[in-house]
Amino acid sequence: MKTIISGATIVNEGHTFVGSIVVEDEFIKAVVPDVLPPSGSDDNFIDAHGLYLFPGVIDCHVHFREPGYTYKADIESESRTAAAGGVTSYMDMPNTNPPTTTPDLLEEKFEIARNNSRVNYSFFFGATNDNADVLARLDPHRVPGVKVFMGSSTGGLLVDDESSMRHIFQTSPLRIVAHCEDDTIIQQNIKAFRRRYKGQNDFPVRYHTRIRSVEACFEATQRAIKLAHETGARLHVAHISSERELSLLEAKPLTEKQITAEVCIPHLMFTSEDYDQLGTKIKCNPSVKMPEDQEALRQALTNGLIDIVATDHAPHLLSEKVGGALKAMSGMPMIQFSLVSMLELSDKGYLTLPQIATLMCHNPATMYNIDRRGFIRPGYYADLVLVNPEANWQVHDGRYFTKCGWTPMDERTFKWRVVRTIVNGITAFLGKVVVDGIRGKELRFN
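Straight run, no breaks: the sequence shown in our numbering ends on number 426.
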């Protein structure tokens, strides 16, 4: 079947222009710098005048919680949420239960996604202190990378043995994605607060920023980068959260980088000053930092230091967010609001619309060598998102789709709104409804 998307403002590869897209079955057939009329009664014609058309967002950092934690999220529910946010592809992290640390467990997740994912998918493999020898057996056409946790965010997935860490960096044929927080510094900070609070087992959540501190992030990031230089490993530093970490990165074209970095939506949208209003809803690891850190991260979106924007989408039940800096679980559901949040930053002058497409679509596809996705090009999969720039809508219950049933974006007003998401040429989200029966495809890496 042929679909014509006519009269949209197309945002792609550094340009913004009014034009049309012709889609035939799964693929983009033509990109036309003109407004096309309906061509025949059998065509699906979409009048997109007044709307902006982006490539589908590729989110390289999510936690969809399956298997093991499906009471709060699963691949079906969170991929549905992704479609509502204009995200057409995701890469899920390995800290599930059991963690994804063997080829068999990895294949089980692929099978779940084949049956249930509303959008395209892939999965990272989890490194441990004793599974480095498995890495060479992973299929580089199916697995985007190896996740290494350098901070105790994840229990058994913490790699805390230096020789094991070096072995992983030396032997992994895949890109290493590192969660960089120094666990020794974190534990020292906790002990200091316990002395201050006379042995209490929890503290106000505002101290989370000082427990999972800038120093903890900087030390681990510095160590990972040093190890990558020594071993030649390809390293991706996940969720940079502080201005100081930016000093460790190089500003040069993505294709020339051995070491890449991402910033996540929570660190762009919240700071430690938001704890007073939102409390543990914005508690995450690494922690949100000071306003000056947020400003530096926003500035880094366009200076070549940051390569991609992701969400670190991590649902928990609200009952699991009860407590403070230690007891409340870390993580928040954000994938439905990633694109509109970035568009809000564009309205504030931090970056242009084509730069958003670069950070959320083009660069993820380029960095991971994803087959025929991330760009609006003839011959590429038709993963597309239409956005209304004048929607002026407010987030509230019933307008978000995550299984956990809440978001820190609740009651926020957005000017932009996702109105249609197309996955492999088929509409997966329209208006306010996720279309039933749509299934994404496994991502392939060239």
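All C-beta atoms, glycine included, are put in the ideal place defined by N, C-alpha and C.
Residue range of the alpha helix (DSSP H) that includes R174: Mapped onto the sequence shown, residue 174 falls at position 194. Taken as a continuous stretch (DSSP letters only), the alpha helix (DSSP H) holding R174 covers 163 to 176.
First through last residue of the beta strand (DSSP E) which encompasses C244: In the sequence shown, residue 244 corresponds to position 264, counting from 1. Segment 239 to 244, the beta strand (DSSP E) holding C244.
Where Y51 falls, given that 16 or more other Cβ within 10 Å makes a residue buried: For the purposes of this step, residue 51 is identified with residue 71 of the sequence shown, where counting begins at 1. Exposed is the call here.
Cβ-based burial, V(-9) [other Cβ within 10 Å; buried from 16]: One-based indexing of the sequence shown puts residue -9 at position 11. Buried.
Status (buried if at least 16 other CB within 10 Å, exposed otherwise) for N426: Residue numbering aside, residue 426 sits at position 446 when the sequence shown is read from its first letter. It counts as exposed.
Beta carbon of K5 nearer than 8 Å to that of G259: Locating residue 5 in the sequence shown gives position 25, where the first residue counts as 1. Locating residue 259 in the sequence shown gives position 279, where the first residue counts as 1. It is Asp, not Lys, that sits at residue 5 in the sequence shown. Remark: C-beta atoms of D5 and G259 do not approach each other more closely than 8 Å.
Segment contact, 8 Å Cβ cut-off, at least three pairs: the stretch 318 to 330 with the stretch 75 to 91: Taking 8 Å as the limit for Cβ pairs, the verdict is that the stretch 75 to 91 does not touch the stretch 318 to 330.
Y177, buried or exposed, once every other Cβ within 10 Å from all chains shown has been counted against 16: Reading the sequence shown from its first residue, position 197 is the one you call residue 177. Classification of Y177: exposed, given that the 10 Å Cβ count is below 16.
For R397, the three-state DSSP class (helix, strand or coil): Along the sequence shown, one-based indexing puts residue 397 at 417. For R397, the three-state secondary structure derived from DSSP is strand.
Nearest candidate by alpha-carbon position, reference F250, set R146, G420, H342, M389: Start at 1 with the first residue of the sequence shown, and residue 250 comes out as number 270. The option with the nearest alpha carbon to F250 is M389.
Start-to-end residues for the beta strand (DSSP E) that takes in M71: Within the sequence shown, numbered from 1, the residue matching residue 71 stands at position 91. Unbroken beta strand (DSSP E) run through M71: 67 to 72.
Bridge partner(s) assigned by DSSP for F198: Numbered from 1 along the sequence shown, position 218 holds the residue referred to as residue 198. Looking at the DSSP assignment, F198 forms no beta bridge with any residue, so it has no partner.
For R155, the residue or residues it bridges with in DSSP: For the purposes of this step, residue 155 is identified with residue 175 of the sequence shown, where counting begins at 1. R155 pairs with G125.
Contact check, K269 vs S222, beta carbons under 8 Å: In the sequence shown, residue 269 corresponds to position 289, counting from 1. In the sequence shown, residue 222 corresponds to position 242, counting from 1. Cβ distance < 8 Å, so K269 and S222 count as in contact.
Beta-carbon proximity of F183 to G304, cut-off 8 Å: Here residue 183 refers to the residue found at position 203 when the sequence shown is read from its first residue. Here residue 304 refers to the residue found at position 324 when the sequence shown is read from its first residue. The answer is yes: Cβ separation under 8 Å.
Host beta strand (DSSP E) of V12 (start-end): Counting from one through the sequence shown, the residue named residue 12 turns up at place 32. The continuous beta strand (DSSP E) containing V12 extends over residues 7 to 12.
Separation of N169 from L31, as counted between CA atoms: The residue labelled residue 31 in the question sits at position 51 within the sequence shown. The residue labelled residue 169 in the question sits at position 189 within the sequence shown. Roughly 49 Å separates the two Cα atoms.
Classification of H(-5) by the beta-carbon crowding that lies within 10 angstroms, buried from 16 upward: As a first step, residue -5 is located in the sequence shown; it is residue number 15 there, counting from the start. H(-5) is exposed by the Cβ-count criterion.
Integer Cβ distance of P344 from G354, believed to fall under 8 Å: Here the question's residue 344 lines up with position 364 in the sequence shown. Here the question's residue 354 lines up with position 374 in the sequence shown. Yes, they are in contact, since the Cβ atoms of P344 and G354 sit about 6 Å apart, within 8 Å.
Rounded distance between the beta-carbons of P233 and E253, thought under 8 Å: Working through the sequence shown from its first residue, we reach residue 253 at position 273. Working through the sequence shown from its first residue, we reach residue 233 at position 253. With a beta-carbon spacing of about 35 Å, E253 and P233 fall beyond the 8 Å limit used to define contacts.
Segment limits, beta strand (DSSP E) that includes I(-16): As a working mapping, residue -16 is identified with position 4 in the sequence shown. Start and end: -18 to -8.
Start-end ranges of the beta strand (DSSP E) lying completely within the stretch 262 to 314, minimum 3 residues: List check, beta strand (DSSP E) in window: 288 to 290.
Supposed contact pair A362 and V3 - C-beta distance, whole angstroms, cut 8 Å: Locating residue 3 in the sequence shown gives position 23, counting from the first residue. Locating residue 362 in the sequence shown gives position 382, counting from the first residue. Distance from V3 to A362 at the Cβ level is roughly 4 Å; contact confirmed, criterion being Cβ atoms closer than 8 Å.
Cutoff 8 Å; reference E422; Cβ partners in own chain excluding five residues on either side: For the purposes of this step, residue 422 is identified with residue 442 of the sequence shown, where counting begins at 1. The beta carbon of E422 sits closer than 8 Å to the beta carbons of F90, A93, R94, N100, Y101, S102, R122 from its chain, once the five residues preceding and following it are set aside; these are given in chain order.
I38, enclosing alpha helix (DSSP H) - first and last residue: Walking along the sequence shown from the start, residue 38 turns up at place 58. Here I38 belongs to no alpha helix (DSSP H); instead the beta strand (DSSP E) covers 37 to 42.
Whole-Å CB distance - I205 paired with V243, under 8 Å assumed: For the purposes of this step, residue 205 is taken as the residue at position 225 of the sequence shown. For the purposes of this step, residue 243 is taken as the residue at position 263 of the sequence shown. I205 to V243, Cβ: 16 Å. No contact.
Straight-line Cα distance separating L339 from L366: Here residue 366 refers to the residue found at position 386 when the sequence shown is read from its first residue. Here residue 339 refers to the residue found at position 359 when the sequence shown is read from its first residue. Going from the Cα of L366 to the Cα of L339 covers about 17 Å.
CB-CB length for C40 against A290, believed under 8 Å: In the sequence shown, the residue the question calls residue 40 occupies position 60. In the sequence shown, the residue the question calls residue 290 occupies position 310. The pair is a contact, with the Cβ atoms about 5 Å apart (cut-off 8 Å).
Bridge partners - T407, DSSP secondary structure assignment: For the purposes of this step, residue 407 is taken as the residue at position 427 of the sequence shown. According to DSSP, which records beta bridges pairwise, T407 is partnered with I402.
6 Å CB neighbourhood of L331 in its chain, flanking five on each side removed: Position 351 of the sequence shown, counted from the first residue, corresponds to residue 331. Contacts found: L281, T282.
Assigned exposure category for R175 - 16 Cβ within 10 Å defines buried: Here residue 175 refers to the residue found at position 195 of the sequence shown. Around the CB of R175, fewer than 16 other CB atoms lie within 10 Å, so the residue is classed as exposed.
6 Å CB neighbourhood of Y255 in its chain, flanking five on each side removed: The residue you call residue 255 lines up with position 275 of the sequence shown. Around Y255: V185, R186.
Nearest neighbour of N77, chosen from F44, D351, V414 [CA to CA]: Numbered from 1 along the sequence shown, position 97 holds the residue referred to as residue 77. Ranking the options by Cα distance to N77, first place goes to F44.
Cβ separation of P35 and I356, assumed to be a contact under 8 Å, to the nearest whole Å: If you number the sequence shown from 1, residue 35 lands on position 55. If you number the sequence shown from 1, residue 356 lands on position 376. The distance from the Cβ of P35 to that of I356 is about 5 Å, consistent with a contact at the 8 Å cut-off.
Counted within 10 angstroms of its Cβ, other Cβ atoms place E56 as buried (16 or more) or exposed: The residue you call residue 56 lines up with position 76 of the sequence shown. Answer is buried; the Cβ neighbour count reaches 16.
Bridge partner(s) assigned by DSSP for E4: Within the sequence shown, residue 4 is the residue found at index 24, counting from 1. K(-18), F7, per the DSSP bridge assignment.
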